[in-house]
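This report concerns only the one structure given below.
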DNA sequence: TCGGCCATGAAACATTTGTTGCATGAATTG
DNA sequence: CAATTCATGCAACAAATGTTTCATGGCCGA
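Below is the structure:
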């Protein structure tokens, strides 16, 4: 039936893993986690480090369709070969069609977005972070695709300022929150073309209340950037594809959170540790080592 | 007799090269030019390909101060080992002070993240997009900070496949959705260290149901990558700061959506236009020109 | 409970590995 | 020109590698 794409030996391994005997699973996980050593060191070495029988490696290789460990290792080695940064790295850019057109699209996109990031002005971010640091409370608003940026910012800031950060509209209609803005609070609005009415309303309300308004957008002339105390610009259209890029906005959000955190000093650090301890106690996370 | 900086075995080799016998020079150049093969293939293999005597490799190693080829190879292997953290981890960490410390932090972060993007493997994204294209329905899961990535993906995919894309847990407890996975559907799980139990459960449920599992994570050995048909890797730790970076995950999500859209052809385009028309009619957006 | 199956570890196996001794021939020196 | 040094290829060596076989013990179905 639907042959799963077995582009790399590692993915073959991963796919077969769950249906393997216990010992082979252990060994398989070890290989997946240490694929560099798998290609460079000897089978017996790996066995010793993994605390397993050397034979298990041979059996693992055979279990996923290779003639033996040597062949598996050869496949891994080829997959890791650097000259083929991506198998089509030759920039295959000329070939807009054919089977590799998709890969070329992805590469284009990633490169374009990578190029856009260093062009983001850093100074305004640092200044905005200071404003956040001074704010009694922080409101965050973003709609449609920008919602994800708003939520990330909300999540990260709440890690060390849980009681003072809030998403606009998180607990009821936006309109209720709009009336709650105070002059000593900060409001962050994320948005780019086409701009939603909702985000513009939030910005206007913030301005009216005398709150510090921080706009994360793609243009200085964006409607919600009007009257903003800080405007953090990114290039939404910098990458090919059917939809504007949010990579820059995410990078800004994370930098903003990082600087705000560092401004928070030991107090922020302490609260972050508390939050982490609580999450660990609730066993939200999988324990690090199996 | 100023010992030249012998940071890497390769530089030692290059430095000693000119004073070596002719044959050893040839072999040395071959090693320098093919250092990847030097670490992975056998001495005799290399000798055959270089058209030289196997003994020459042993002699070369001894000539530049190693006890033998094995030791040289070990040094090369260690030099090539991909750093567990990141090339930037040691950098700029020296607590810059002064008024511009924050700005420097932002710049570091942006640069590091920009450097990480082109390292994202493109091929798996294209393959995963094809799987999405073929899926009858698409489920998306992500928790904590990864929720924002999941929601962005959900939003963009729903623009042109509104009825077939759904967030896990969007309309009730996760558990209800977990039982709804079908073999002809695709499940996307976003997560990185520390991994949440919830995301692992989703991945396991997807695997059990025979659905196509796509994992967006920071490691091939992530628990929810086990049994995954496609694993899309990004570097969560590639940037300084208190929190892992989501920029790579966002870039992957957007590329995935873009390729899936392009695979959808005119049908997808048509549906996107419909969606846009509806949003405009509801006057969600501010009209372009004032 | 018995019988077969499979997973697993230990040991024996043939092969391949890196190394070294030796013979040859060219280059260097007195 | 003779004596010496040195670079080089070949072949034999011991060590290490990956593989296979076999004995053991647990598990499931009859």
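Residue numbers (my numbering), protein chains in the order written: chain R, 480 to 769; chain F, 480 to 769.
Ideal placement from N, C-alpha and C gives every residue a C-beta, glycine not left out.
Model, not experiment: these values are computed from the prediction.
* **Option nearest residue 490(R) by Cα separation, candidates 531(R), 551(R), 526(R), 536(R)** => Walking along the first chain from the start, residue 490(R) turns up at place 11. Nearest of 531(R), 551(R), 526(R), 536(R) to residue 490(R), Cα basis: 551(R).
* Asked: Between residue 596(R) and chain F, is there a C-beta pair that is closer than 8 Å?
  -> One-based indexing of the first chain puts residue 596(R) at position 117. Taking Cβ atoms only, chain F reaches closer than 8 Å to residue 596(R), which makes this a yes.
* To do: Would you verify that the beta carbon of residue 518(F) is, or is not, closer than 8 Å to some beta carbon of chain R?
  => As a working mapping, residue 518(F) is identified with position 39 in the second chain. It does: the Cβ of residue 518(F) has a partner Cβ on chain R nearer than 8 Å.
* With 16 other Cβ atoms within 10 Å as the buried cut-off, status of residue 615(F) -> By one-based count along the second chain, residue 615(F) stands at place 136. Exposed: under 16 other Cβ atoms inside 10 Å.
* Does residue 706(F) get closer than 8 Å to chain R when you measure Cβ to Cβ? -> Residue 706(F) sits at position 227 when you count from the first residue of the second chain. Judged by the 8 Å Cβ criterion, residue 706(F) is in contact with chain R.
* Same chain only: Cβ atoms within 6 Å of residue 567(F), ignoring 5 sequence neighbours per side -> Along the second chain, read from residue 1 onward, the residue named residue 567(F) stands at position 88. Low local confidence applies: a pLDDT of 33 at residue 567(F) is under 50, so the model's placement there is unreliable, with the coordinate-based value given in what follows. Closer than 6 Å at Cβ, skipping near neighbours: 591.
* Give the residues of chain F in contact with residue 738(R), contact being defined as C-beta atoms less than 8 Å apart. => Reading the first chain from its first residue, position 259 is the one you call residue 738(R). Within 8 Å Cβ-Cβ: 581, 584, 585.
* What number of angstroms, rounded off, separates the C-alpha of residue 643(F) from the C-alpha of residue 637(F)? -> The sequence position of residue 643(F) within the second chain is 164, counting from 1. The sequence position of residue 637(F) within the second chain is 158, counting from 1. Cα to Cα, the separation comes out at about 8 Å.
* Asked: Does any residue of chain R bring its CB to less than 8 Å from the CB of residue 729(F)?
  -> By one-based count along the second chain, residue 729(F) stands at place 250. Yes, residue 729(F) lies at the interface with chain R (some Cβ there is under 8 Å from its Cβ).
* Nearest CA to the CA of residue 641(R): which residue from 650(R), 617(R), 657(R)? -> In the first chain, counting from the first residue as 1, residue 641(R) sits at position 162. Checked all of 650(R), 617(R), 657(R); the closest Cα to residue 641(R) is 617(R).
* Segment contact, 8 Å Cβ cut-off, at least three pairs: the region 693-701 of chain F with the region 652-663 of chain F -> no
* To do: Assess, as a yes-or-no matter, whether the region 665-682 of chain F is touched by the region 646-655 of chain F under the definition of 3 or more beta carbon pairs within less than 8 Å.
  => yes
* Any C-beta of chain R sitting closer than 8 Å to the C-beta of residue 754(F)? -> The count along the second chain starts at 1 and reaches residue 754(F) at position 275. It does not; no Cβ of chain R falls within 8 Å.
* Local conformation of residue 683(R) per DSSP, three classes -> The count along the first chain starts at 1 and reaches residue 683(R) at position 204. Residue state, collapsed to three classes: helix.
* Indicate whether the contact test is met: 3 or more Cβ pairs, each with one atom in the region 732-746 of chain R and one in the region 594-608 of chain R, closer than 8 Å. => yes
* Assuming residue 424(F) and residue 714(R) make a contact with CB atoms under 8 Å, what is their CB distance in whole Å? -> Here chain F covers residues 480 to 769 and nothing more, so residue 424(F) does not appear.
* **Closer than 8 Å at the beta carbon, the chain R residues around residue 772(F)** => Past the edges of chain F, shown from 480 to 769, lies residue 772(F), and the structure says nothing about it.
* To do: Kindly list, in the order they appear in chain R, the residues whose Cβ is closer than 7 Å to that of residue 556(F).
  => By one-based count along the second chain, residue 556(F) stands at place 77. The contacting residues are 519.
* To do: Give the range of the alpha helix (DSSP H) segment to which residue 741(F) is assigned.
  => Indexing the second chain from 1 puts residue 741(F) at position 262. Looking at the DSSP string, the run of the alpha helix (DSSP H) that includes residue 741(F) is 726-760.
* Near-chain R residues of the region 656-688 of chain F - C-beta to any C-beta below 7 Å -> 673, 674, 675, 676, 679, 686
* Sort 622(F), 633(F), 516(F), 506(F) by Cα distance to residue 669(F) and report the nearest one. => Here the question's residue 669(F) lines up with position 190 in the second chain. The shortest C-alpha separation from residue 669(F) is found at 622(F).
* Between residue 755(F) and residue 633(F), what straight-line distance do the alpha-carbon atoms span, to the nearest angstrom? -> For the purposes of this step, residue 755(F) is taken as residue 276 along the second chain, with counting starting at 1. For the purposes of this step, residue 633(F) is taken as residue 154 along the second chain, with counting starting at 1. Going by the C-alpha atoms only, they are around 16 Å apart.
* To do: For residue 518(F), write down the residues that DSSP places opposite it in a beta bridge.
  => Here residue 518(F) corresponds to residue number 39 of the second chain, with the count starting at 1. Residue 518(F) is not bridged to any residue.
* **Three-state secondary structure (DSSP) of residue 507(R)** => Indexing the first chain from 1 puts residue 507(R) at position 28. Looking at residue 507(R) - three-state DSSP - the assignment turns out to be helix.
* Using DSSP with H/G/I as helix, E/B as strand and the rest coil, what is residue 595(R)? -> Here residue 595(R) corresponds to residue number 116 of the first chain, with the count starting at 1. In this structure, residue 595(R) counts as helix in the three-state DSSP scheme.
* In terms of residues, what are the limits of the beta strand (DSSP E) holding residue 696(R)? -> What you label residue 696(R) is simply residue 217 of the first chain in a count that begins at 1. It spans 691-696 - the beta strand (DSSP E) in which residue 696(R) sits, taken as one unbroken run.
* **Partner residues on chain F for residue 630(R), Cβ-Cβ distance less than 7 Å** => In the first chain, residue 630(R) corresponds to position 151, counting from 1. Chain F residues near residue 630(R): 626, 627, 630.
* List the residues of chain R whose Cβ lies closer than 8 Å to the Cβ of residue 634(F), in chain order. => By 1-based counting over the second chain, the position of residue 634(F) is 155. Within 8 Å Cβ-Cβ: 623, 624, 626, 627.
* To do: State whether the region 535-555 of chain R contacts the region 488-504 of chain F, with contact taken as three or more CB pairs (one from each stretch) at a distance under 8 Å.
  => no
* Beta-bridge pairing of residue 602(R) - partner residues as DSSP gives them -> As a first step, residue 602(R) must be located in the first chain, where it is residue number 123. Answer is none; residue 602(R) lacks a bridge partner.
* To do: In angstroms with no decimal places, state the Cα-to-Cα distance between residue 676(F) and residue 523(F).
  => As a working note, residue 676(F) is residue 197 in the second chain. As a working note, residue 523(F) is residue 44 in the second chain. When rounded, the distance between both Cα atoms is 49 Å.
* When the Cα of residue 581(R) is compared with those of 742(F), 746(F), 495(F), 672(F), which residue comes out closest? -> Here residue 581(R) refers to the residue found at position 102 when the first chain is read from its first residue. Residue 742(F) is the option with its Cα nearest to residue 581(R).
* Three-state secondary structure assigned by DSSP to residue 620(F) -> Taking the second chain and counting its residues from 1, one reaches residue 620(F) at position 141. Correct three-state label for residue 620(F): strand.
* Asked: If you follow the alpha helix (DSSP H) that residue 629(R) is part of, which residue opens it and which one closes it?
  -> Position 150 of the first chain, counted from the start, is the residue given in the question as residue 629(R). Segment 626-639, the alpha helix (DSSP H) holding residue 629(R).
* Asked: Is the Cβ-Cβ distance between residue 493(F) and residue 518(F) less than 8 Å?
  -> Position 14 of the second chain, counted from the first residue, corresponds to residue 493(F). Position 39 of the second chain, counted from the first residue, corresponds to residue 518(F). In this structure, residue 518(F) does not lie closer than 8 Å to residue 493(F) by Cβ.
* Let me know if residue 759(R) comes out buried or exposed under the rule of 16 or more other beta-carbons within 10 Å of its beta-carbon. => To locate residue 759(R), count along the first chain from 1; it is residue 280. With fewer than 16 other Cβ atoms within 10 Å, it is exposed.
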